[in-house]
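First residue of the sequence shown: 13, per the numbering used here; consecutive thereafter.
Glycine included, every Cβ here is placed at the ideal spot set by N, Cα and C.
All of these numbers come straight from a predicted model, not from anything done at the bench.
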Amino acid sequence: MENAIQVSGLRKAFDQQVAIEDVSFHVKKGEIFGLLGPSGSGKTTTIKILTGELEQTTGDVCVLDTDASSFDSTQFKSKIGILSDNSALYERLTVYDNLKLFCKLYGAPLERIDVILDDVNLKNDRNKVVSKLSKGMKQRILLAKALVHQPDLVFLDEPTSALDPGNVIHIHRGLQKLNEAGTTIFLTTHDMEEATKLCDRVAFLDNGTIQELGNPDELRFKYSSHDFHIETTTNEKFVLGNDSKNADQIRDLIAAGKVKSIQSDKPTLGDVFLKLTGKELV
Ligand SMILES: Nc1ncnc2c1ncn2[C@@H]1O[C@H](COP(=O)(O)OP(=O)(O)OP(=O)(O)O)[C@@H](O)[C@H]1O
């Protein structure tokens with residue numbers, strides 16, 4: 013099967029509270045797929061259903077050719093990695109020993125530990141006791157734990173939310189490297205730059221339903237006004253619509269050497285979300 017994840021008609025209600033409704037999508041093997049949405053939109057609920065932590069109210073879920081009834085099996089768990097708000101570490105053990113325990117659980121070679129510690133920028137902290145580390149460092153150990161056994165598919169619930177910009181760049185590189193080696197990545201994020209940079213496709217979730225789904229650049233183009241933003245050599249700024257009448261004007265301005273810059277309108281993913289839902293994606 014070429015899909016790593018197949019979801020159709022998914023609904024989850026907690027008593028009267030509907031968290032997600034009629035959610036359908038697929039994630040191809042080898043893709044980086046992002047689920048984007050504001051707080052409370054249903055991202056974590058979706059991840060928890062896909063990893064077997066929660067049971068859906070209705071709908072079908074298939075992950076790595078495995079039906080939800082088998083998500084508890086060790087064989088399935090060894091093929092996926094999870095970073096979620098429930099991920100935990102042994103605080104009194106060192107960084108290395110935490111990862112060693114996890115490797116032993118899933119039969120992963122111990123040589124992977126130093127490779128993954130480098131990917132999450134913790135190479136020099138391998139012998140430190142976890143309880144003495146910062147929140148951002150613990151987040152990176154949890155990320156290493158999700159990735160150390162080289163899973164076929166990883167679920168990352170806001171992987172960089174607690175990290176400083178330098179470490180975000182480092183982690184992004186590590187995730188891209190992992191993906192190039194064949195791992196499918198499913199992530200949630202509030203960070204539109206992260207989604208634009210990393211994801212092959214994104215889905216916008218709002219109030220528990222998918223509002224739009226596609227490649228970030230294609231979505232940005234689809235929701236662009238296609239206007240041109242022009243700045244002249246005399247620092248005048250104006251906007252011209254993308255039509256043949258304006259093409260003549262733009263050509264004349266260029267011919268007269270009066271154009272300092274021309275930029276086409278390209279909304280950010282946050283702008284697209286705002287257009288679709290009237291909400292900021294924060
Ligand atoms: N265990 C639960 N019991 C009752 N309601 C819940 C439970 N878990 C989630 N919800 C509700 O389901 C909705 C979706 O929550 P969810 O945690 O999936 O959102 P989210 O998009 O991950 O938010 P955030 O970005 O803040 O983590 C919210 O209205 C939330 O209050």
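Considering just the uninterrupted stretch of the beta strand (DSSP E) at H241, what are its terminal residues?
If you number the sequence shown from 1, residue 241 lands on position 229. Note, H241: beta strand (DSSP E), F240 to T244.
Taking contact to mean 3 or more Cβ pairs, one atom from each stretch, closer than 8 Å, check whether the region 206-220 and the region 151-161 are in contact.
Look at the beta carbons and you see the region 206-220 not touching the region 151-161: under three pairs across the two are nearer than 8 Å.
Given a cut-off of 8 Å on the beta-carbon distance, is the pair H241 and N254 in contact?
On the sequence shown, residue 241 is found 229 positions in, with the first residue counted as 1. On the sequence shown, residue 254 is found 242 positions in, with the first residue counted as 1. No, the pair does not count as a contact, with Cβ atoms beyond the cut-off.
Restricting to Cα atoms, I'd like to know which of R263, F233, N227 and V271 is closest to T246.
Along the sequence shown, one-based indexing puts residue 246 at 234. Residue V271 is the option with its Cα nearest to T246.
Under 8 Å by Cβ, that's how I've got G194 and G42 pegged, so tell me the actual separation to the nearest angstrom.
Within the sequence shown, numbered from 1, the residue matching residue 194 stands at position 182. Within the sequence shown, numbered from 1, the residue matching residue 42 stands at position 30. Going by Cβ atoms, the distance from G194 to G42 rounds to 7 Å, so yes, they are a contact pair.
Reference S276, options L225, A259 and S85, closest by Cα
Residue 276 sits at position 264 when you count from the first residue of the sequence shown. The shortest Cα separation from S276 among L225, A259 and S85 belongs to A259.
Roughly how many whole angstroms lie between the Cα atoms of S20 and R104?
Stepping through the sequence shown from its first residue, residue 20 is reached at position 8. Stepping through the sequence shown from its first residue, residue 104 is reached at position 92. So the alpha carbons of these two residues sit roughly 42 Å apart.
Output yes or no for whether 8 Å exceeds the beta carbon distance between E224 and L288.
Along the sequence shown, one-based indexing puts residue 224 at 212. Along the sequence shown, one-based indexing puts residue 288 at 276. Taking a C-beta distance under 8 Å as the contact criterion, E224 and L288 qualify as a contact pair.
With three or more beta-carbon pairs closer than 8 Å as the criterion, would you say the region 135-143 touches the region 163-177?
no
Could you give the C-beta distance for N133 and N179, rounded to a whole number, given that I count them as a contact under 8 Å?
The residue given as residue 133 occupies position 121 in the sequence shown. The residue given as residue 179 occupies position 167 in the sequence shown. Confirmed, about 6 Å.
Rounded distance between the beta-carbons of I92 and L165, thought under 8 Å:
As a first step, residue 165 is located in the sequence shown; it is residue number 153 there, counting from the start. As a first step, residue 92 is located in the sequence shown; it is residue number 80 there, counting from the start. That pair is a contact at about 5 Å.
For chain D, find out if any of its Cβ atoms is closer than 8 Å to the Cβ of T196; answer yes or no.
Protein chains in the displayed structure number just one, and chain D is not present.
Three-state secondary structure (DSSP) at A120?
Residue mapping note: residue 120 aligns to position 108 of the sequence shown, counting from 1. Coil, per DSSP.
Near L168, what residues of its chain come up, given a Cβ to Cβ distance below 6 Å and the 5 sequence neighbours on each side ignored?
Sequence index remark: in the sequence shown, residue 168 carries index 156 (1-based). Excluding residues up to 5 positions away in sequence, L95 and L199 lie with their Cβ nearer than 6 Å to the Cβ of L168 in the same chain.
Of all the beta strand (DSSP E) runs that stay within the bounds of the region 227-283, which reach a length of 3 or more residues?
Complete beta strand (DSSP E) runs here, min 3: 240-244, 249-252 and 271-276.
Nearest-angstrom beta carbon gap, K189 and D131 [assumed within contact, 8 Å]:
Position 119 of the sequence shown, counting from 1, holds the residue named residue 131. Position 177 of the sequence shown, counting from 1, holds the residue named residue 189. Correct: roughly 7 Å between the Cβ atoms.
For ligand 1, any of its heavy atoms closer than 7 Å to the Cβ of G49?
Position 37 of the sequence shown, counted from the first residue, corresponds to residue 49. Indeed, a heavy atom of ligand 1 lies less than 7 Å from the Cβ.
Closest to L154 by C-alpha separation, out of I128, V284 and N139, would be which residue?
Numbered from 1 along the sequence shown, position 142 holds the residue referred to as residue 154. It is I128.
Run the CB neighbour count on I197, radius 10 Å, all protein chains shown included, and call it buried at 16 or more, exposed below.
Position 185 of the sequence shown, counting from 1, holds the residue named residue 197. It is buried - the Cβ of I197 has at least 16 other Cβ atoms within 10 Å.
Using only the heavy atoms of ligand 1, determine whether one of them is closer than 7 Å to the beta carbon of A267.
Within the sequence shown, residue 267 is the residue found at index 255, counting from 1. The answer is no for A267.
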